[in-house]
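Trainee:
Residue numbers (our numbering): 160 to 222.
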């Protein structure tokens, strides 16, 4: 006779998970949303391209 997948139930390990506080994202005021942040100075972070690691044969052959 076949046993359904849910028939065995789950085992309770007795572990009680701590409740984490939910992260709340504050809603922006409409004026800042439409016109932008007046304190923003326009600084853009540079993106550094990751350096490709040479494989063994490239090091061996000097490529």
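Ideal placement from N, C-alpha and C gives every residue a C-beta, glycine not left out.
For residue 190 and residue 212, what's the separation of their Cα atoms in angstroms?
Mentor: 47 Å
Trainee: Within the continuous alpha helix (DSSP H) that includes residue 191, where are the two ends?
Mentor: 189 to 194
Trainee: Taking only the alpha-carbon atoms, compute the straight-line gap between residue 186 and residue 204 and give it to the nearest angstrom.
Mentor: 25 Å
Trainee: When the Cα atoms are used, what is the spatial distance from residue 161 to residue 176?
Mentor: 34 Å
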